[in-house]
Amino acid sequence: MVMRILAVVLVLAAIVAAESGNNASGNKSTESNAATSANVVPSSTAQNAAIRVEGEKRFRTNCGRCHMAPHKFPPRMMATFVRHMRVRALITDEDMRYILAYMTE
Amino acid sequence: MTVIFKAARCGGWVTALCLSLVMSVLLSAPALAQAPDVSGTATVPVVTGGAAFVPIVQGGQTTLVSIISPVVLVPLGDKWLIESRAAFEGDFVRRDGTTGPFSGEIQKSLEYLQLDYIANPHLTATVGRFLTPFSMYNERLYPVWIRDLQADPLILPLEQSSSNGLMLRGGFPAAHDLNLNYAAYFSTLSSNETLASERLVGGRIVAFFPNQRLEIGFSLEHLLQDTNANRFGTHFEWQPRALPLDIRSEYADTESGRGYWIEPALRLSALSHARVFAHTQVVGRFQQFFTKPGATNGDVPGADTKEPEIGLNYYFMDGLRATASYGRQLSSEGNANIWTSGITYRFAFPLGRGGY
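Those protein sequences? They're chains A and B, same order as listed.
Take the first sequence: its letter number 31 is residue 31 in this note's numbering, and every next letter is one higher.
Take the second sequence: its letter number 258 is residue 1258 in this note's numbering, and every next letter is one higher.
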């Protein structure tokens, strides 16, 4: 019985999350918008700065959940680590892209 | 949606969970923001991991614990990753208990050897031997260079360290200031000593609020052998922005017992920016374990147990740390003091050209 209740709770949570997710990009904070409006390839210093700020913020928030934020490794190593952490540490694709951009700049 | 509710109502909670996860992934796909494009970033195989030398004195008996745990990461293209971790641990004790030379064997284990395929931004498929995604300690806090206190939590054996089979997992921003992460897995039975696993199915869902730096997770597991028991776990983590403080906690309830731990850890940079304070962390932990009748797991305490602990970590640099702790185990089987002190180290180097 408990398992069924938990299953229903999980189902509801997932559905609510999925449906609210469609509106997520429209609800981002001003800070996030400044960064996420930077398109696929940043073309200006301002865009680079915005990505750097957002990347550092996400780096501190995500990596610090389990361990001391490490120093920067060489870019190829960092790319491998971030892929590993994406699988291991519940980092979303979006977080991964900002963190990797920040750590390899 | 009706299909999901019907599945849940009929008792097919695993099916319902899988369906809900699939729907979540499909429905939330448009939510991905225009983050920087990092596809094609060059990678290199890496060897990393942790090593530690941590003598433990429990009830007057000294154990010299030496561990080296290498992790090998081999990225293949943009979407594949082979990752593996082994552990070599020597627990050396005095031959006659409290005097005489230390002796012991090196225990070798393969903790994971898995192939990951990043199918899309919200889904990664894993096959092989993987760390069971039940709660958070086993999967994320276990390495010696990460854990704040070197002694294992009493409920760690309830988390079933590794599984052999298939796992689907991923994460996505579900709303403003909310990331959802999920994992669903199936494991097959293996009685091989090195590759031991149980036949089970399970899932975990985690809500993470980045602005509050708050994480809450729920784990479910259903054993498909022997007792067909259900296992439940929940975990919590909070890192307030106002203080360099981590508060972590887990609760687990299985057929082998139930229990919890709560662990606050404070960096003393909150008190002073002097170097010695900035590099020092004070940790506390309180935990309780409650036995269940008929439990056969020999790795958990045989009687109800509680244990307060306090510890100190000093970070010489990123990856190198001195650690010490004191705990008092209180149990009807006997009370005992537990002292630990030692060094932990995290290493990392590329297998290939320089990493640049």
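Positions of the beta carbon are idealized from the N, C-alpha and C atoms, including for glycine.
CB of VAL1044 of chain B within 8 angstroms of CB of ARG97 of chain A, strictly: Position 44 of the second sequence holds residue 1044 of chain B. Position 97 of the first sequence holds residue 97 of chain A. Not closer than 8 angstroms, so no.
For LEU1264 of chain B, the nearest candidate out of B:SER1162, B:ASN1164, B:ALA1274 and B:PRO1244 (CA to CA): In the second sequence, residue 1264 of chain B corresponds to position 264, counting from 1. Here the sequence assigns Pro to residue 1264 of chain B, which means Leu is not the residue at that position. Nearest C-alpha to PRO1264 of chain B: B:PRO1244.
Residue closest to ASN1211 of chain B, alpha-carbon to alpha-carbon, out of A:ARG60, A:THR104, A:MET85 and A:ALA46: The residue labelled residue 1211 of chain B in the question sits at position 211 within the second sequence. Checking every option, the nearest Cα to that of ASN1211 of chain B belongs to A:ARG60.
GLY1294 of chain B beta carbon less than 8 angstroms from that of GLU1333 of chain B: Along the second sequence, one-based indexing puts residue 1333 of chain B at 333. Along the second sequence, one-based indexing puts residue 1294 of chain B at 294. Contact flag unset, no.
For ALA1035 of chain B, three-class secondary structure by DSSP: Mapped onto the second sequence, residue 1035 of chain B falls at position 35. Coil, per DSSP.
Span separating the alpha-carbon of ARG1199 of chain B from that of PHE1102 of chain B: Walking along the second sequence from the start, residue 1199 of chain B turns up at place 199. Walking along the second sequence from the start, residue 1102 of chain B turns up at place 102. Cα to Cα, the separation comes out at about 38 angstroms.
Short CB-CB distance (under 8 angstroms) between THR1132 of chain B and chain A: Here residue 1132 of chain B refers to the residue found at position 132 of the second sequence. No, THR1132 of chain B does not count as interfacial toward chain A.
Cα-Cα separation between ALA69 of chain A and SER1187 of chain B, rounded to whole angstroms: The residue labelled residue 69 of chain A in the question sits at position 69 within the first sequence. The residue labelled residue 1187 of chain B in the question sits at position 187 within the second sequence. Computed Cα separation, rounded: 33 angstroms.
8 angstroms Cβ shell around PHE1290 of chain B - same chain, five flanking residues per side excluded: Looking up residue 1290 of chain B in the second sequence gives position 290. Only GLY1257, ARG1258, GLY1259 and ASP1304 meet the Cβ criterion.
Within the stretch 1260-1311 of chain B, ranges of the beta strand (DSSP E) (whole runs, at least 3 residues): 1280-1290
Buried/exposed call for ALA18 of chain A, threshold 16 Cβ in 10 Å: Counting from one through the first sequence, the residue named residue 18 of chain A turns up at place 18. Confidence is the limiting factor: at ALA18 of chain A the pLDDT is only 40, short of 50, which leaves the residue's position unreliable, though a coordinate-based value still follows. Classification of ALA18 of chain A: buried, given that the 10 Å Cβ count is 16 or more.
Proximal residues to GLN1107 of chain B (C-beta, below 7 angstroms), its chain only, five neighbours per side dropped: Taking the first residue of the second sequence as 1, we reach residue 1107 of chain B at position 107. So the qualifying residues of the chain are GLU1089.
Environment of ASP95 of chain A [buried if 16+ CB atoms lie within 10 Å]: Taking the first residue of the first sequence as 1, we reach residue 95 of chain A at position 95. It is buried - the Cβ of ASP95 of chain A has at least 16 other Cβ atoms within 10 Å.
MET1167 of chain B in three-state terms, based on DSSP: Position 167 of the second sequence, counted from the first residue, corresponds to residue 1167 of chain B. Three-state result, MET1167 of chain B: strand.
Simplified DSSP state of PHE81 of chain A, which is helix, strand or coil: Position 81 of the first sequence, counted from the start, is the residue given in the question as residue 81 of chain A. Helix at PHE81 of chain A.
PHE1130 of chain B and SER1084 of chain B closer than 8 angstroms at C-beta: As a first step, residue 1130 of chain B is located in the second sequence; it is residue number 130 there, counting from the start. As a first step, residue 1084 of chain B is located in the second sequence; it is residue number 84 there, counting from the start. Going by C-beta atoms, PHE1130 of chain B is not nearer than 8 angstroms to SER1084 of chain B.
Under the three-state DSSP convention, the category LYS1108 of chain B falls into: On the second sequence, position 108 is the one that residue 1108 of chain B refers to. Correct three-state label for LYS1108 of chain B: strand.
Where the stretch 46-72 of chain A meets chain B: residues whose CB sits under 7 angstroms from a CB there: ILE51, THR61, GLY64, ARG65, CYS66, HIS67, MET68, PRO70 and HIS71
Members of the stretch 1039-1060 of chain B that neighbour chain A once the beta carbon cut-off is set at 8 angstroms: THR1041, ALA1042, THR1043, VAL1044, PRO1045, VAL1046 and THR1048
For LEU945 of chain B, the three-state DSSP class (helix, strand or coil): Lying before the first or after the last residue shown, residue 945 of chain B is absent from chain B, which here runs from 1001 to 1356.
Alpha-carbon to alpha-carbon, ARG1321 of chain B and LEU1149 of chain B: By one-based count along the second sequence, residue 1149 of chain B stands at place 149. By one-based count along the second sequence, residue 1321 of chain B stands at place 321. Approximately 12 angstroms, taken between the alpha carbons.
Three-state class that DSSP yields for ARG88 of chain A in the structure shown: To locate residue 88 of chain A, count along the first sequence from 1; it is residue 88. Three-state result, ARG88 of chain A: helix.
Alpha-carbon spacing of ARG1328 of chain B relative to LEU1154 of chain B, whole angstroms: Taking the first residue of the second sequence as 1, we reach residue 1328 of chain B at position 328. Taking the first residue of the second sequence as 1, we reach residue 1154 of chain B at position 154. ARG1328 of chain B and LEU1154 of chain B: Cα-Cα distance of roughly 13 angstroms.
Closer than 8 angstroms to chain A by CB, ILE1146 of chain B: Within the second sequence, the letter at position 146 stands for residue 1146 of chain B. So, interface residue.
Sequence-distant residues of its chain with Cβ nearer than 6 angstroms to LYS1306 of chain B (five each side left out): In the second sequence, the residue the question calls residue 1306 of chain B occupies position 306. Answer for LYS1306 of chain B: GLN1288 and LEU1330, listed in chain order.
Sheet register partners of PRO1350 of chain B (DSSP bridge): Counting from 1 along the second sequence, the entry for residue 1350 of chain B is found at position 350. Bridge partners of PRO1350 of chain B: B:VAL1046.
ASN1230 of chain B - containing beta strand (DSSP E), residue span: Numbered from 1 along the second sequence, position 230 holds the residue referred to as residue 1230 of chain B. Its beta strand (DSSP E) spans residues 1230-1238.
Beta-carbon proximity of PHE1232 of chain B to THR92 of chain A, cut-off 8 angstroms: Taking the second sequence and counting its residues from 1, the one referred to as residue 1232 of chain B is at position 232. Taking the first sequence and counting its residues from 1, the one referred to as residue 92 of chain A is at position 92. Contact: no.
Neighbourhood of VAL1283 of chain B by C-beta distance below 6 angstroms, restricted to the same chain and skipping five residues each side: The residue labelled residue 1283 of chain B in the question sits at position 283 within the second sequence. Only ASP1148, LEU1149, ALA1265 and GLY1311 meet the Cβ criterion.
C-alpha gap between LEU1268 of chain B and GLU1193 of chain B, whole angstroms: Residue numbering aside, residue 1268 of chain B sits at position 268 when the second sequence is read from its first letter. Residue numbering aside, residue 1193 of chain B sits at position 193 when the second sequence is read from its first letter. When rounded, the distance between both Cα atoms is 43 angstroms.
Integer Cβ distance of SER1219 of chain B from GLY1202 of chain B, believed to fall under 8 angstroms: Here the question's residue 1219 of chain B lines up with position 219 in the second sequence. Here the question's residue 1202 of chain B lines up with position 202 in the second sequence. Confirmed, Cβ separation roughly 7 angstroms.
Short Cβ contact (8 angstroms threshold) for LEU1178 of chain B with ALA1207 of chain B: Looking up residue 1178 of chain B in the second sequence gives position 178. Looking up residue 1207 of chain B in the second sequence gives position 207. Yes. Within cutoff.
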